[in-house]
Amino acid sequence: MIEPTHHPFHRLFEQLGLDASNEAIKEFIATHQLPANVELIEAPFWSEAQANFLEEGLQDDSDWAEIIDQLNTSLR
75 MIEPTHHPFH RLFEQLGLDA SNEAIKEFIA THQLPANVEL IEAPFWSEAQ
125 ANFLEEGLQD DSDWAEIIDQ LNTSLR
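Per the numbering used here, residue 75 is the first one in the sequence shown, and the count goes up by one each step.
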């Protein structure tokens, strides 16, 4: 049986091509809050590639899904 891979939060930022330092992550979250009616993947600050990665990670329930959900919660 294969154990699911759990990615640290900063790895998601790296995957998205963003600065993954603790300070940069805190700054990103502080300056990119989303209203409740905006889906994470529809946020205006994602590039098309970033939005596609997030959408695929959630739709496929990939090993990224849990950390993408955490990002979504952090941006609220």
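Even glycine gets a Cβ: it sits at the ideal position worked out from N, Cα and C.
Distance, residue j Cα to residue i Cα
i, j, result
"SER121", "HIS80", "24 Å"
"ASN126", "ILE115", "8 Å"
"ASP135", "LEU145", "15 Å"
"ASP137", "LEU128", "12 Å"
"ALA94", "GLU101", "11 Å"
"ILE105", "PHE119", "Per the sequence shown, the amino acid found at residue 105 is Thr instead of Ile. Each residue's alpha carbon lies about 11 Å from the other."
Contacting residues, own chain, Cβ-Cβ under 8 Å from residue i (five flanking each side not counted)
i, result
"GLN107", "LEU149, ARG150"
"ALA98", "PHE87, LEU92"
Contact set for residue i: own chain, Cβ-Cβ below 7 Å, skip 5 residues either direction
i, result
"ILE141", "HIS81, PHE83, LEU86"
"LEU132", "ALA139, ILE142"
Residue i, buried or exposed, once every other Cβ within 10 Å from all chains shown has been counted against 16
i, result
"GLY91", "exposed"
Chain-order list of residues whose beta-carbon lies under 6 Å from that of residue i (same chain, five-residue window excluded)
i, result
"ALA110", "none"
"ALA117", "LEU108"
Which runs of the alpha helix (DSSP H), 4 residues or longer, sit entirely within the segment 114-138?
122-133
Let me know the alpha helix (DSSP H) ranges lying completely inside the segment 76-116, each 4 residues or longer, listed in chain order.
For the alpha helix (DSSP H) assignment, the uninterrupted runs of no fewer than 4 residues enclosed by the segment 76-116 are, from N- to C-terminal side, 83-89, 96-105.
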